[in-house]
Amino acid sequence: MPHLISIPLTYFNTPYLFQYPLLFFTFSKKELQKTKPMNPKVRVRFAPSPTGLLHIGGLRTALYNYLFARHHGGAFVLRIEDTDQARYVQEAEQDMLESLAWAGLHPDEGPYHQSSRRERYAMYAQQLVDDGYAYYAYDTVEEIEKMRERLRSPQNPNPKYDSQTRMQMRNSLTLGELELQELLEEGSEYVVRLKVPQGETVQFEDMVRGPVSFETDGLDDQVLLKADGMPTYHLANVVDDHEMEITHVIRGEEWLSSAPKHILLYKYLGWEPPVMAHLPLIMSPSGGKLSKRKAEEEGIPVNVRDYRKERYERDAVINFLALLGWSPGDDRELLTLEEMTREFTLGRVGKSGAIFDFKKLLWFNENYMRQRADAELAEELMALVRERGLPGKESLTEKEEKLSGDSEFMAGVVRLLKERVSRLPEFLEAGIFFFDAPVQFDEKAVKKGWKEDTPPRIIQYRDRISGLEGADFRADELKRILTEIVEAEGVGFGKLMMPLRVAVTGAGSGPDLFETLELLGRDEVLGRLDRALQKFA
Ligand code: GLU
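Going from the sequence shown to the numbering used here is simple: count from 1 and add 495.
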């Protein structure tokens, strides 16, 4: 294949994610070898345009391509469609590479860049003109606007550069030899347009949608090559899919309307089109397409970078996305990448919009997070605190600094809260009281817990536990003492638990109280009880 530039694949195996070293995984070779190659000729591509941060829907497209390639033992190619210079965003490509690496979707080839292949597209554009399937168009922006005005009507609010009009326009179909020669000599700007035939039907079989057909009368004379010599998406996409020997085009449904233009191009270039599969739209839980604005309103992060930054579990995101349009054919939900790879077929991708159920994503996240070792999560939490401090605190006190750097303590926080949170940063939100005495107290809990007879009981408890030395300050011992007191006083357990909890944590509910006391340690607990006695008594 000529003119392809590639970055060595080792790029993807380099743990560039120094900030999140623990989130960086690679799938071992062994794992991959377990999937039998069924059709090693399969070649698919993920072809993002670097116009912004990688969208979560883009990651789903990449994932489906990846699963399909792995399932067949074929190749997953990465191609950057960077010919639209006006919409080019500098950081987009880097973000995309990082996001794909984070997700573990390592391409077998690429990234290839369309911007470095422009002569290829120009060559094919010329071939199409020479063969009578395309033409040069010299119309200025003003001329095109005039044409639109002329044709605009209630039935046709957005007139296209169509076959009828083209006869009135300045292009190589309407202008005489001499005029064309002049324009050429003057160096006038032109674009190359596809000559869309009239009255034809373009048909193809979509692996997801089944038979699809479009009338050519509804299609515009698509610009193929722009005045700056750059191809449009349509031309570059078709040329590359052909030259890169892509067998299956798997992409979002928003590209379905481009497919007939592509099919025409394949035909005119004399090429076999790849099999097409258009993935269902991603819908917001409240209905409608999950647009950026909608997602924002509903508190759903849409950029993969946000999931990385917020330390979502990679495996949870992948598992969730895999089921966003595909199903293994039964009601299994938690699937390993190996299972997904083994079972992935386009036949089980649904046609109707897939609802982005964010609560479900949190459920997956919880599940995957709980499977991980406390120590590992603690390490990540420590990195998170180093990066962004503690929630709601401008800077860390010495004590907070010390505790949040203590891996044993942090593993304790993880152990106590693991069943109560869904995302890593929530350990810090739900466990903020572990780092320093609460400043705010749940008013309701205080009112309910602290009655007139509470302080003497708390004082009793305080005095008893103050005698516990070192390793004796343990949850079971702390519970035993409390039990003794409530029994002697003839009151319910809650009578003492509630005020104790609110005094120590500031909240009316939370993780196991005695374990919490043990983790905080004697001096800290005594200090907090004294302060509460002063405050609430
Ligand atoms: N560059 C297009 C995009 O940004 C690719 C569409 C396709 O896969 O054909 O999604």
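A virtual CB, placed ideally from N, CA and C, is assigned to each residue, including glycine. Here the structure is a predicted model, which means the values were calculated and not measured.
In terms of side-chain proximity, the C-beta atom of residue 728 is found nearer than 7 Å to a non-hydrogen atom of the ligand GLU. Partner residues in the beta bridge of residue 648, as assigned by DSSP, are 651. Here DSSP, grouped into helix, strand and coil, assigns residue 561 to helix. Across the set 664, 839, 755 and 774, the C-alpha of 664 shows the shortest separation from the C-alpha of residue 638.
Counted as a single uninterrupted DSSP element, the alpha helix (DSSP H) harbouring residue 812 occupies residues 809-817. In this structure, residue 716 keeps its C-beta atom at 8 Å or more from the C-beta atom of residue 619. Secondary structure note for residue 981: it is in no beta strand (DSSP E), and the uninterrupted alpha helix (DSSP H) holding it is 970-984. Taking the Cβ atoms as the reference, residue 594 lies roughly 4 Å from residue 799, within the contact range of under 8 Å. Segment contact: the stretch 737-756 against the stretch 642-654, fewer than three CB-CB distances shorter than 8 Å; contact not assigned. In terms of side-chain proximity, the C-beta atom of residue 750 is found nearer than 7 Å to a non-hydrogen atom of the ligand GLU. Listed in chain order, the non-local C-beta contacts of residue 668 below 8 Å within the same chain comprise 630, 661, 662 and 690, local neighbours out to five positions each way being set aside.
Here DSSP, grouped into helix, strand and coil, assigns residue 630 to strand. Classified as buried, residue 544 has 16 or more neighbouring CB atoms from the shown chains inside 10 Å of its CB. Sequence-distant partners of residue 950 (beyond 5 residues in either direction) whose C-beta falls short of 8 Å from its own C-beta, in its chain, are 1028, 1031 and 1032. For the set 999, 1024, 552 and 539, the Cα lying nearest the Cα of residue 776 is the one of 552. In this structure, residue 724 lies away from residue 556, with their beta-carbon atoms at least 8 Å apart.
With a cutoff of 7 Å, residue 542 counts as near the ligand GLU, since its C-beta is closer than that to a heavy atom of the ligand. DSSP places residue 771 inside the beta strand (DSSP E), whose first and last residues are 770-774. Residue 687 is a Cβ neighbour of residue 624, given a cutoff of 8 Å. Three or more Cβ pairs closer than 8 Å define a contact, and the stretch 775-795 falls short of that threshold against the stretch 604-623. Here the stretch 926-938 makes contact with the stretch 869-888; the two share three or more CB pairs at distances below 8 Å. By the criterion of a C-beta distance shorter than 7 Å, residue 797 is surrounded in its chain by 550, 551, 787 and 790, once the five residues flanking it on both sides are discounted. Three or more Cβ pairs closer than 8 Å define a contact, and the stretch 800-818 meets that threshold against the stretch 827-841.
Per DSSP, residue 927 lies in no beta strand (DSSP E) and is assigned neither H nor E. For the 8 Å CB-CB criterion, residue 574 and residue 616 do not form a contact. Within 10 angstroms of the beta-carbon of residue 847 lie fewer than 16 other beta-carbons, which makes it exposed. Taking the CA atoms as reference points, residue 579 sits about 19 Å from residue 632. A straight-line Cα-Cα distance of about 18 Å links residue 990 and residue 960. When distances are taken from the beta-carbon of residue 798 to the heavy atoms of the ligand GLU, even the shortest one reaches 7 Å or more. Leaving aside the five residues that flank residue 894 on each side, the residues in its chain whose CB is nearer than 8 Å to its CB run, in chain order, 930 and 931. Fewer than three Cβ pairs drawn from the stretch 837-844 and the stretch 872-882 lie within less than 8 Å of each other, which leaves the two stretches out of contact. Each residue's CA atom was taken as its position, placing residue 701 and residue 763 some 20 Å apart.
As the crow flies, the alpha-carbon of residue 967 is around 15 Å from that of residue 1021. Here the C-alpha atom of residue 825 lies approximately 11 Å from the C-alpha atom of residue 843. Taking C-beta separations shorter than 6 Å and ignoring five residues to either side along the sequence, the partners of residue 684 in its chain run 722, following chain order.
Burial state of residue 849 is buried, judged by a 10 Å Cβ sphere holding 16 or more other Cβ atoms.
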